[in-house]
Amino acid sequence: MSEDSAWTQLKHNRNWLGFWFMVPAMAFLIFFLAYPLGLGIWLSFTDTRIGRVGHFIATENYEWLWDDSIFWLSVFNTLLYTFVASALKFAIGLYLALLLNENMPFKAMLRAMVLIPFIVPTVLSALAFWWIFDSQFSIISWSLKHLGLINQNINFLGDTTWARICVIFANIWRGVPFVAITLLAGLQTVSPSLYEAATLDGATRWQNFRYITYPLLTPIIAVVMTFSVLFTFTDFQLIWAMTRGGPVNATHLMATLSYQRAIIAGQLGEGAAISSAMIPFLLAAIMVSWFGLQRRKWQQGESND
Amino acid sequence: MTDLPTRSIDLKNVLSGSAPTADHSEGMSYLQSVPRRIVTLYLPLAIIVIVLLFPFYWMALTSVKPDDQLLDLDRYNPFWTWNPTFKHFHKLLFESYYPHWLWNTMYVAVCATVLSIIASVLAAYAIVRLRYKGANLVGGLIFLAYLVPPSILFIPLATVVFQYGLFDSPLALILTYPTILIPFSTWLLMGYFKTIPFELEECALIDGASRWQILIKIVLPLAIPGLISAFIFCFTLCWNEFIYALTFLQSTSNKTVPVAIVNEFVDGDIYRWGSLMAGALAGSLPLVILYAFFVEHYVSAMTGAVKE
């Protein structure tokens with residue numbers, strides 16, 4: 003009797019109860035995420051400046067950006083930065099995960115240490131890189147000079163090509179631990195018996211990786227790489243702490259350019275247009291993530307051991 | 257109850273590799289000779305680890321080097337110093353706003369994290385257990401919210417913060433950070449709540465407990481590892497956050513550590529490298545210490561969000 007009433011009560015209340023439980027989270031997400039997201043798109047169609055309410059100017063901001071070579075340079079930089087950094091993060095991260103998955107002494111400590119670059123606030127490690135890449139006192143220049151490989155200091159952050167290489171390197175340095183540890187977690191769900199069986203059948207280490215590890219890891223790779231691409235694409239702090247977009251805009255990403263135009267120069271509308279221009283790219287990344295997750299669910303159902 | 261800890265054990269293995277199933281490599285390693293293992297395993301691993309940790313060594317070394325050694329690369333070997341000094345730290349702690357900035361960062365991080373965890377616990381419980389109408393849809397929307405990056409939100413948020421009169425106040429950060437933290441911790445906690453057997457709650461319901469009592473007395477105590485994971489990860493994210501803090505705060509004394517260091521110590525004056533590195537090191541240490549104590553929770557949080 004009491005069981006019945008408890009359950010009917012539950013059924014009656016469930017939707018309202020659910021609503022009340024969702025209120026705090028939803029309030030934050032609506033007021034500080036959904037509303038600003040919409041407002042940002044609206045702002046991109048206005049000529050708002052700091053301290054002045056803007057008027058609707060339709061697509062003028064976008065037309066203006068279309069002819070702006072610095073904007074296109076920032077798009078190019080963002081794509082280059084995202085593509086190179088993500089590809090190398092994946093390659094090195096996967097390699098590191100495979101190495102860490104081996105049996106060896108001090109395994110736990112090594113794995114914990116590897117993650118440290120990911121824990122330390124990005125800006126603070128970016129400052130360390132700033133110092134490492136200093137034009138006069140760089141430890142890299144010093145070492146190379148003493149090895150007799152170069153005669154002059156390398157102007158790491160003052161030369162356009164070097165600056166790009168440096169920020170990409172710093173980004174890879176920071177991102178590899180995340181990729182490696184997450185893929186390591188994926189590797190450990192692979193059943194050892196699969197390798198034993200394959201080895202008995204005469205499979206080489208490469209075949210083990212290619213036909214067992216890689217296919218089983220694909221879903222988690224899809225998810226990790228989506229996150230990685232997403233965060234690399236929208237990166238701001240590393241660039242801002244190391245180069246502020248310089249030299250001659252060679253390292254400006256779309257995020258740093260929008261900050262410069264909107265907050266420093268006060269052109270909120272134009273800055274909003276630059277950041278809104280990132281949305282199509284992000285949607286593409288989210289689609290990939292979605293399909294990655296779908297595939298993962300399907301595969302989990304297949305091999306649920 | 258028996259299947260409850262599977263998830264956390266599975267994730268602990270990521271670090272320790274202690275469970276029998278985690279070590280498939282042991283059975284195969286006899287196939288490799290020692291020299292071969294050095295070349296294929298230890299050497300590459302050593303190179304990667306050195307590259308990953310070198311910036312911290314460099315940061316620490318710079319922060320204890322006397323100024324003259326810092327800039328004189330001809331007479332002193334830059335890789336080591338025999339006269340460490342704590343002058344830079346002393347300056348940082350007693351002649352700058354640094355303690356202030358540390359306090360601001362801590363205060364904002366703790367408040368934003370606590371708010372987010374409360375909101376996330378309620379949301380995750382409702383989605384997983386109440387399964388109200390549209391729960392799946394809301395769950396999906398929360399996941400999507402995680403994918404909206406601060407870089408496209410900071411401009412409109414700046415105008416919102418200004419309208420609400422929150423500009424240059426820690427409250428601006430305390431209220432905006434949860435939008436980054438809630439999606440993540442809700443997703444993480446949903447995973448933990450799913451592992452708690454439904455029967456426990458049914459029994460409590462039959463005994464006349466309200467949903468609120470069930471949540472407080474049964475679900476939360478069982479989900480403590482999940483709560484710690486969520487807390488550590490949220491706290492780290494807050495500490496790391498830069499673009500909102502840079503945009504919404506103006507006065508020197510209100511800044512958080514990352515923003516303050518970038519703006520206040522960097523004015524083209526090269527003699528400040530010591531203070532800069534000391535500041536960066538001191539700003540990283542609280543997180544590294546926290547991480548050292550809760551590595552497993554941290555890793556389970558990190559991989560948990562991806563695995564769900």
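These protein sequence lines map, in sequence, to chains A and B. The first sequence begins at 3 in my numbering and counts up one residue at a time. The second sequence begins at 257 in my numbering and counts up one residue at a time. Yeah, the Cβ is synthetic: ideal placement off N, Cα and C, and Gly gets one too.
Not a single C-beta of chain B is nearer than 7 Å to the C-beta of F92 of chain A. Excluding sequence positions up to five before and after G273 of chain A, its CB lies within less than 6 Å of the CB of S260, R263, A264, all in the same chain and listed in chain order. For F549 of chain B, the nearest beta carbon of chain A is not closer than 7 Å to its own beta carbon. Straight-line measurement puts the Cα of V225 of chain A at about 20 Å from the Cα of W175 of chain A.
Annotation for V55 of chain A: no alpha helix (DSSP H) segment contains it, and DSSP assigns it neither H nor E. For I303 of chain B, the number of other beta carbons within 10 angstroms of its own is below 16, and it is reported as exposed.
Buried is the label assigned to F491 of chain B, since at least 16 other Cβ atoms lie within 10 Å of its Cβ. Scanning the stretch 378 to 447 of chain B for uninterrupted alpha helix (DSSP H) segments of 4 residues or longer gives 391 to 402, 406 to 419, 426 to 432, listed from N- to C-terminal end.
Separation of the CB atoms of T361 of chain B and T512 of chain B is rounded to 4 Å, and the pair is thereby assigned contact status at 8 Å. The three-state secondary structure of R246 of chain A, taken from DSSP, is coil. Setting aside the 5 residues that flank it on each side, G464 of chain B has no residue in the same chain whose C-beta is closer than 7 Å to its C-beta. Only residues of its own chain outside the window of five on either side were considered, and among them P355 have a CB closer than 7 Å to the CB of L349 of chain B, listed in chain order. DSSP places T341 of chain B outside any alpha helix (DSSP H), giving it a letter other than H or E. Remark: C-beta atoms of G539 of chain B and L126 of chain A approach each other more closely than 7 Å. Looking only at A:N103, A:Q209, A:R246, A:F92, the smallest Cα-Cα distance to V181 of chain A is reached by A:F92. If you draw a 10 Å sphere on the C-beta of R54 of chain A, you find fewer than 16 other C-beta atoms in it, and that means exposed. Counting other Cβ atoms within 10 Å of its Cβ, S485 of chain B reaches 16 or more and is therefore classed as buried. Note: T206 of chain A is not bridge-paired with any residue in the DSSP secondary-structure output. When CB distances to chain A are screened at a threshold of 7 Å, the residues of the stretch 468 to 502 of chain B falling below it are T492, W495, N496, F498, I499, in chain order. In the three-state reduction of the DSSP assignment, R176 of chain A falls in the helix class, which pools H, G and I. Under the rule that a run must span 4 or more residues, the alpha helix (DSSP H) segments found entirely inside the stretch 70 to 158 of chain A read 71 to 102, 109 to 116, 118 to 121, 124 to 134, 141 to 148. Ranked by Cα distance from F489 of chain B, the first of A:A199, A:I266, A:F120, A:T245 is A:F120. Exposure of I472 of chain B is indicated by the presence of fewer than 16 other C-beta atoms within 10 angstroms of its C-beta.
When DSSP states are grouped into helix, strand and coil, R331 of chain B belongs to the coil group. Nearest Cα to T245 of chain A within the set A:T163, A:W66, A:T61, A:E104: A:T163. The residues I170, N173, I174, T234, in chain order, have a CB closer than 6 Å to that of A87 of chain A in the same chain once the five nearest residues on each side in sequence are set aside.
Taking each of B:T451, B:W468, B:P542 in turn and checking the Cα distance to L478 of chain B, the smallest one comes out for B:T451.
T162 of chain A sits in a helix when the DSSP states are folded into three classes. DSSP, read as helix, strand or coil, puts T512 of chain B in coil. In the DSSP assignment, R51 of chain A forms a beta bridge with A:R54. By the 16-neighbour rule on beta-carbons within 10 angstroms, Q325 of chain B is buried. Within chain B, the residues V305, L308 have their CB atoms less than 7 Å from the CB of V116 of chain A, given in chain order.
DSSP, reduced to helix, strand and coil, places K347 of chain B within a helical segment of the structure shown.
Annotation: I214 of chain A is outside any alpha helix (DSSP H) and is labelled neither H nor E by DSSP. Taking CB atoms only, S319 of chain B has no neighbour in chain A less than 7 Å away.
A Cβ of chain B is located within less than 7 Å of the beta carbon of S277 of chain A.
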